[in-house]
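If you read the protein sequences in the order shown, they are chains U and X. Yeah, the first sequence ends on 545 if you go by our numbering, and it's all consecutive. Yeah, the second sequence ends on 394 if you go by our numbering, and it's all consecutive. Using N, Cα and C, we set each Cβ at its ideal position, and we do this for glycine too. Computed from a prediction, not measured in an experiment: that's the story for all the values here.
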Amino acid sequence: MKALIEIEGLWTTFGDNVVHRDLNLSVAQGEVLALVGGSGSGKTTLLRQMLGLEHPARGTVRVFGIPLHEVPIAQLRRLRKRWGVLFQEGALYSALSVFDNVALPLREMRCFDEGFVRDMVMLKLAMVDIEARHAGKMPAELSGGMVKRIALARALALEPELLFLDEPTAGLDPDRSESFVRLVTELRRELKLTVVMVTHDLDTLVAAANRIAVLAEQRVLVTGTLSEVVAAKHPFIVNFFLGERGLRALAGLRPMASGGVAGIPPT
Amino acid sequence: MQSAATTGIQEPEIRLTQGRDGAHTVALSGAWDIRALRARAAELGRALGRQARAASWDLTGIQRLDHIGALLIWRAWDKRRPAALALRSEHDALFSRLGAVPEASAPRARPDLLEPLRALGDFGAALAGGGLEIVRLLGQVALDALGVLRDPVRGPWREISAGVYRAGAQALGITALVGFLIGVVLSYLSAEQLKDFGANAFVINIVGIGVVRELGPMLTAILVAGRSGSAITAQLGVMRVTEELDALAVMGIPLSMRLVFPKVAALAVALPLLVLWTDAIALAGGMVSAKWQLGIAYRTFVESLPAAVPIANYWIGLGKGAAFGVLIALIACHFGLRIEPNTESLGAGTTRSVVAAITVVIIVDAIVAVIFSGVGMGLR
Numbered sequence: 279m280k281a282l283i284e285i286e287g288l289w290t291t292f293g294d295n296v297v298h299r300d301l302n303l304s305v306a307q308g309e310v311l312a313l314v315g316g317s318g319s320g321k322t323t324l325l326r327q328m329l330g331l332e333h334p335a336r337g338t339v340r341v342f343g344i345p346l347h348e349v350p351i352a353q354l355r356r357l358r359k360r361w362g363v364l365f366q367e368g369a370l371y372s373a374l375s376v377f378d379n380v381a382l383p384l385r386e387m388r389c390f391d392e393g394f395v396r397d398m399v400m401l402k403l404a405m406v407d408i409e410a411r412h413a414g415k416m417p418a419e420l421s422g423g424m425v426k427r428i429a430l431a432r433a434l435a436l437e438p439e440l441l442f443l444d445e446p447t448a449g450l451d452p453d454r455s456e457s458f459v460r461l462v463t464e465l466r467r468e469l470k471l472t473v474v475m476v477t478h479d480l481d482t483l484v485a486a487a488n489r490i491a492v493l494a495e496q497r498v499l500v501t502g503t504l505s506e507v508v509a510a511k512h513p514f515i516v517n518f519f520l521g522e523r524g525l526r527a528l529a530g531l532r533p534m535a536s537g538g539v540a541g542i543p544p545t
Numbered sequence: 015m016q017s018a019a020t021t022g023i024q025e026p027e028i029r030l031t032q033g034r035d036g037a038h039t040v041a042l043s044g045a046w047d048i049r050a051l052r053a054r055a056a057e058l059g060r061a062l063g064r065q066a067r068a069a070s071w072d073l074t075g076i077q078r079l080d081h082i083g084a085l086l087i088w089r090a091w092d093k094r095r096p097a098a099l100a101l102r103s104e105h106d107a108l109f110s111r112l113g114a115v116p117e118a119s120a121p122r123a124r125p126d127l128l129e130p131l132r133a134l135g136d137f138g139a140a141l142a143g144g145g146l147e148i149v150r151l152l153g154q155v156a157l158d159a160l161g162v163l164r165d166p167v168r169g170p171w172r173e174i175s176a177g178v179y180r181a182g183a184q185a186l187g188i189t190a191l192v193g194f195l196i197g198v199v200l201s202y203l204s205a206e207q208l209k210d211f212g213a214n215a216f217v218i219n220i221v222g223i224g225v226v227r228e229l230g231p232m233l234t235a236i237l238v239a240g241r242s243g244s245a246i247t248a249q250l251g252v253m254r255v256t257e258e259l260d261a262l263a264v265m266g267i268p269l270s271m272r273l274v275f276p277k278v279a280a281l282a283v284a285l286p287l288l289v290l291w292t293d294a295i296a297l298a299g300g301m302v303s304a305k306w307q308l309g310i311a312y313r314t315f316v317e318s319l320p321a322a323v324p325i326a327n328y329w330i331g332l333g334k335g336a337a338f339g340v341l342i343a344l345i346a347c348h349f350g351l352r353i354e355p356n357t358e359s360l361g362a363g364t365t366r367s368v369v370a371a372i373t374v375v376i377i378v379d380a381i382v383a384v385i386f387s388g389v390g391m392g393l394r
């Protein structure tokens, strides 16, 4: 497995407050990595550093083998065409309609005619379950869940090899969350997409992620599959995965595991 | 980045083969994804279009396919699968997904012949509605002011004081600079004309009346409209975008009392004070220029001012300052509260607020000039 993202010796400080201390993480091609951690553990900051939006105090972040914080802006721009990002609040351009929001990255490429762009936008909207009649609406007229799905369509517009998702299912109803997870899984299979997501939603985590990285104590505490992570008995992990909510979600995953999950006796 | 050669991925290619029965088969090979297609999308699209009639397609040679490549081929097929099609199983899903997209025309606005007329009507209605809103806001602020007078302890004094500091104290520098330069220019131009008539001493009247009655209040108001008016509108607009206005409203806190009244009160206090300051600096500028051009001593200038500029002019100037302050704050709040939660509206609202405030200031100034035309003119 080739590593798409490599983070080495990363430090993040806000004044005297150290958020990440000598953090290491790598993401292999084709996997869905979920970043979990308590609030304030620096998940979103880490994501923004992988996008080159924020500079770490020390350390390197390599994406597609390119050190993000050391390359000229032109190269960074080319690199950024290869990934898609879904921001937590969607970040749709409020001055543009739904259609134009999704069409914008395609038009920026300047190599597709308008008919092609239209068909492509309609395809992407259909992929995230947005009906064509919503295409002319402005972002201010949409519900939070729709904004999120349209933002995903926009993130997918340029057929990214790498997809960053910040809280992708927060604000979606359970039904939509499920179809979201299904879409990500399908895309991963068909397009060999690599996904990095920050999430609090245990159901999404269990259903979509095939590797989990737990952020706590200013570093990556443990990475691995769900059962490997749960086996590490850190207070945060116990709280997060083996609390009442966590057990419910895990039980849903393995209804056959009677009496406990991954060898852990029920509380 | 990996190059095509090292990974064995080839450029997209279209080949035409003829079977024994004479039927054409179009065979596609290589990488048909965005990375490979970005430079050649138009050319390949046309090349595929020429094969549109071919009945038989062979896509098994395609090494990489994504939605971009699939759509390019799909469009060449006129959006339905050809009769004979061979493709890899993993690529089938892409075409199934394309086939599932409901055929819908893109949203397109119909041209509206009556648009100019409608726009004119909308503009008139907006103007009338806006005026009505501002009058209503003024009434609300007056009621708030009465409430504060009745119960001074509960007044928003901290907000008012902060507003006076921001709109007044922080504007001292820019108003001084502009005022001084205008004083110099006014005095210089008048002196050039007066010299020819030997009426040197009248430069004091011209500069004095001009600055105290007109230019001082007007310049200050325009600067404050640009500085503080835009800031108020943008602040309220962002509060709308971030739902802070709604948060205040659902806490049962009246918006006008907490947000509008303090700003109106602050500008009503700060603007007359700024007018005094601008007047003083502009007169100083005029004085410097008069001395330099006409040799009028500073002492003479200062001593003749009270006779040349009756005190009524000061009151008119200060009164105008207070009125302009109230108007600027009201207009800024009006536009700020009407901003919709999107970036476009924020920009447009702020622009409109400043333009409307400056326009209204000039209109009111003209009205005041007509009403008080007989007051405070020394030489009769």
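- [ ] Round the Cβ separation of I325 of chain X and V389 of chain X to the nearest angstrom and send it over; I've been treating them as touching at under 8 Å.
- [x] About 11 Å; that fails the 8 Å criterion.
Open item on the list: Distance check for L203 of chain X and L290 of chain X, CA to CA, integer angstroms please.
Closed with: In this model, L290 of chain X and L203 of chain X are separated by some 23 Å (Cα to Cα).
- [ ] Could you tell me which residues DSSP puts in a beta bridge with M475 of chain U?
- [x] Per DSSP, U:A312, U:L443.
- [ ] Would you check if there are 3 or more beta carbon pairs closer than 8 Å linking the segment 175-185 of chain X to the segment 231-243 of chain X?
- [x] Judged by Cβ distances under 8 Å, the segment 175-185 of chain X makes contact with the segment 231-243 of chain X, as three or more pairs qualify.
TODO: Identify, in the order they occur along the chain, each residue of the same chain with its Cβ nearer than 6 Å to the Cβ of F519 of chain U, setting aside the five sequence neighbours on each side.
DONE: For F519 of chain U, where only same-chain residues beyond five positions count, the Cβ hits under 6 Å are V508.
Open item on the list: Can you find the residues in the same chain that come closer than 8 Å, C-beta to C-beta, to A205 of chain X, ignoring five residues on each side of it along the sequence?
Closed with: Once the five neighbours on either side are set aside, the close Cβ partners of A205 of chain X are N214, V217, S303, A304, Q307, L308.
Task: Cβ of E437 of chain U within 8 Å of any chain X Cβ - done: Interface residue (Cβ-Cβ distance to chain X less than 8 Å): E437 of chain U is classified as such.
Task: Contact check, L288 of chain U vs V339 of chain U, beta carbons under 8 Å - done: Yes, the Cβ-Cβ distance between L288 of chain U and V339 of chain U is below 8 Å.
Open item on the list: Taking 6 Å as the limit between beta carbons, can you name the residues of its chain near K470 of chain U, skipping five residues before and five after?
Closed with: So the qualifying residues of the chain are G308.
Task: Cutoff 8 Å: S319 of chain U Cβ touching any chain X Cβ - done: No, because no Cβ of chain X sits closer than 8 Å to the Cβ of S319 of chain U.
Task: Minimum C-alpha distance to Q366 of chain U - residue among U:L313, U:P446, U:E506, U:R396 - done: Q366 of chain U has its Cα closest to that of U:P446, out of U:L313, U:P446, U:E506, U:R396.
Task: Within chain U, the residues that R272 of chain X reaches when beta carbons sit closer than 7 Å - done: Chain U residues near R272 of chain X: none, gap ~25 Å exceeds 7 Å.
TODO: Just the chain X side, please: which residues come within less than 9 Å of A418 of chain U by C-beta, in chain order?
DONE: Chain X residues near A418 of chain U: E354, P355, N356, S359.
- [ ] For I344 of chain U, name the three-state secondary structure that DSSP assigns.
- [x] Here I344 of chain U carries a strand assignment [DSSP, helix/strand/coil].
TODO: Could you tell me which uninterrupted alpha helix (DSSP H) segments, each at least 4 residues in length, are contained entirely in the segment 246-289 of chain X, listed from first to last along the chain?
DONE: Runs found: 258-264.
- [ ] Using a threshold of 8 Å, state whether the C-beta atoms of L208 of chain X and V278 of chain X are closer than that.
- [x] Contact: no.
TODO: Can you grab the Cα-Cα spacing for the pair P544 of chain U / A510 of chain U, in whole Å?
DONE: The pLDDT assigned to P544 of chain U is 45, lower than 50, so where the model puts this residue is not dependable; a value taken from the coordinates is nonetheless given after this. Roughly 16 Å between the two C-alpha positions.
- [ ] Would you mind giving the Cβ-Cβ distance between V406 of chain U and A431 of chain U, rounded to the nearest angstrom? I have them listed as a contact below 8 Å.
- [x] Yes, V406 of chain U and A431 of chain U are in contact; Cβ-Cβ is about 5 Å, under 8 Å.
Open item on the list: Please report the distance separating the alpha-carbon of L85 of chain X from that of G318 of chain U.
Closed with: Cα-Cα distance, rounded: 43 Å.
Task: Endpoints, the alpha helix (DSSP H) within which R427 of chain U is located - done: Taken as a continuous stretch (DSSP letters only), the alpha helix (DSSP H) holding R427 of chain U covers 422-433.
Task: Own chain residues within Cβ distance below 6 Å of G222 of chain X, not counting five before or after - done: Closer than 6 Å at the Cβ level, and outside the excluded window around G222 of chain X, lie L319, A322, V323.
Task: Nearest to K359 of chain U (by Cα), restricted to the options U:E284, U:R526, U:G330, U:R299 - done: Out of U:E284, U:R526, U:G330, U:R299, U:G330 has the C-alpha closest to the C-alpha of K359 of chain U.
Open item on the list: Do R466 of chain U and V473 of chain U have their beta-carbon atoms positioned less than 8 Å apart in this structure?
Closed with: Result yes, Cβ atoms of V473 of chain U and R466 of chain U sit closer than 8 Å.
- [ ] Tell me whether D397 of chain U is buried or exposed, calling it buried when 16 or more other Cβ atoms sit within 10 Å of its Cβ.
- [x] A residue is called buried once 16 or more other Cβ atoms fall within 10 Å of its Cβ, and D397 of chain U is buried on that count.
Task: Exposure label - G135 of chain X; buried when at least 16 CB within 10 Å - done: Answer is exposed; the Cβ neighbour count stays below 16.
TODO: Please determine, among X:R241, X:K334, X:R254, the residue with the shortest C-alpha to C-alpha distance to V283 of chain X.
DONE: Ranking the options by Cα distance to V283 of chain X, first place goes to X:K334.
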